[in-house]
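In our numbering, the protein residues as written are 1490 to 1871. First up is the structure itself, then whatever we jot down about it.
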């Protein structure tokens, strides 16, 4: 038995504050009891920690005991919290042990076994497909090829050779579980584990089906043509009901989840339902204006460039973006202008540009050509 001076604070033991509610104290106790129960935790100090946890909970879960403990500490308890084995005698105040009985249920003891012969739903499957941005914009049909488990058509899913039936497992008597009784310092408990002979199925196939080997299901390759709606984006998925793995013992089939990925485009960039594209124009068109052809997902469109357009200017083509997946119209296409500066000019072109520069107030001559605006841009002169 611990000396009173050596005892840890009960709140510290449970890892809660002194203002913790009764529910918080109970939750903390359950978590710790599950972790340190000697039947689960095989460390050398697990039993001592478990006793300490239970002792703390017995006091803090009782309103009167907690009030006394908060006022006077361990000395006021006078050893009442712990009986001969450090648990408290098992009387009416022994709330901790009563509250952990359901922990043993979660560890297998006292739980009614799940019926091993009940129908079991098949697994869901995933298949990824890749489409182009144009296909995402207009919609497309895609052929999906996938593998899944189907109910064996020779034994109709029983796993047994035609003309025979699975036998009830003699070890577990068809329950799929076996019970084990063990005793410890808390008493005698029963634990339940899956039967090793039938692997929890409750049945044993003495004469397996030649086609499925007794599994009741066989793997086959299937193809399906799937319609993909306009407006889909990467990460969207189609769910094909019943095309996953076949269920067991008459259970429902799982589903096939087809996940869509849209390939990056060479010139278009998608942002939600809007499409961005760059358009390169000459410096003359930028200065005096003009009309250019702009590519869209639906063909080329004419775009009027106003005079004085600056590099990086944007123009919006309404309803030339991606369709909304839910049918709420289309996004827009945003055209970002890039101005192309010529890198090689003839002597006549340079002369004309010099005249233009002079008309703007810039003085360009042969000696200082490289210092002027167009000399800096076009690299004329030495």
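Backbone N, C-alpha and C define an ideal beta-carbon position, used for all residues, glycine too.
Short Cβ contact (9 angstroms threshold) for residue i with residue j
| i | j | result |
| --- | --- | --- |
| residue 1838 | residue 1772 | no |
| residue 1735 | residue 1638 | yes |
| residue 1706 | residue 1645 | no |
| residue 1872 | residue 1721 | Nothing about residue 1872 can be reported from this structure: the residues present for the chain run from 1490 to 1871 only. |
| residue 1526 | residue 1535 | yes |
| residue 1803 | residue 1823 | yes |
| residue 1455 | residue 1826 | Not covered by the structure: residue 1455. The range shown for the chain is 1490 to 1871. |
| residue 1719 | residue 1811 | yes |
| residue 1636 | residue 1709 | yes |
| residue 1757 | residue 1622 | yes |
| residue 1783 | residue 1766 | yes |
| residue 1551 | residue 1507 | no |
| residue 1528 | residue 1679 | no |
| residue 1704 | residue 1655 | no |
DSSP bridge partner residues for residue i (one or two, in chain order)
| i | result |
| --- | --- |
| residue 1681 | 1668 |
| residue 1617 | 1748 |
| residue 1771 | 1829 |
| residue 1758 | 1765 |
| residue 1637 | 1709 |
| residue 1631 | 1715 |
| residue 1780 | 1793 |
| residue 1721 | According to DSSP, which records beta bridges pairwise, residue 1721 is partnered with nothing at all. |
| residue 1649 | 1697 |
| residue 1737 | 1609 |
For residue i, three-class secondary structure by DSSP
| i | result |
| --- | --- |
| residue 1550 | coil |
| residue 1509 | coil |
| residue 1838 | helix |
| residue 1563 | helix |
| residue 1542 | helix |
| residue 1946 | This structure does not reach residue 1946, given that the chain is present from 1490 up to 1871, and the question cannot be answered. |
| residue 1503 | helix |
| residue 1495 | helix |
| residue 1586 | Bear in mind that a pLDDT of 48 at residue 1586, under 50, signals an unreliable position, so the number given afterwards is only what the model happens to contain. Here residue 1586 sits in helix by DSSP. |
| residue 1823 | strand |
| residue 1524 | helix |
| residue 1715 | strand |
| residue 1643 | coil |
| residue 1688 | coil |
| residue 1656 | strand |
| residue 1849 | coil |
| residue 1726 | strand |
| residue 1732 | coil |
Integer-rounded CB distance, given that residue j should sit under 8 angstroms from residue i
| i | j | result |
| --- | --- | --- |
| residue 1657 | residue 1712 | Wrong, their Cβ atoms sit about 40 angstroms apart, outside the cutoff. |
| residue 1440 | residue 1614 | Nothing can be reported for residue 1440: it is not among the residues displayed for the chain, which extend from 1490 to 1871. |
| residue 1764 | residue 1786 | 6 angstroms |
| residue 1605 | residue 1690 | 5 angstroms |
| residue 1725 | residue 1820 | Incorrect: roughly 16 angstroms between the Cβ atoms, too far for contact. |
| residue 1818 | residue 1808 | 7 angstroms |
| residue 1608 | residue 1738 | 5 angstroms |
| residue 1683 | residue 1649 | In fact, because the Cβ distance is near 21 angstroms, the residues do not count as touching under 8 angstroms. |
| residue 1776 | residue 1796 | 7 angstroms |
task: Pick out the complete beta strand (DSSP E) segments inside the stretch 1785 to 1816, 3 residues or longer, and give them in chain order.
output: Fully enclosed beta strand (DSSP E) runs of no fewer than 3 residues occupy 1790 to 1794, 1803 to 1806 of the stretch 1785 to 1816, in order along the chain.
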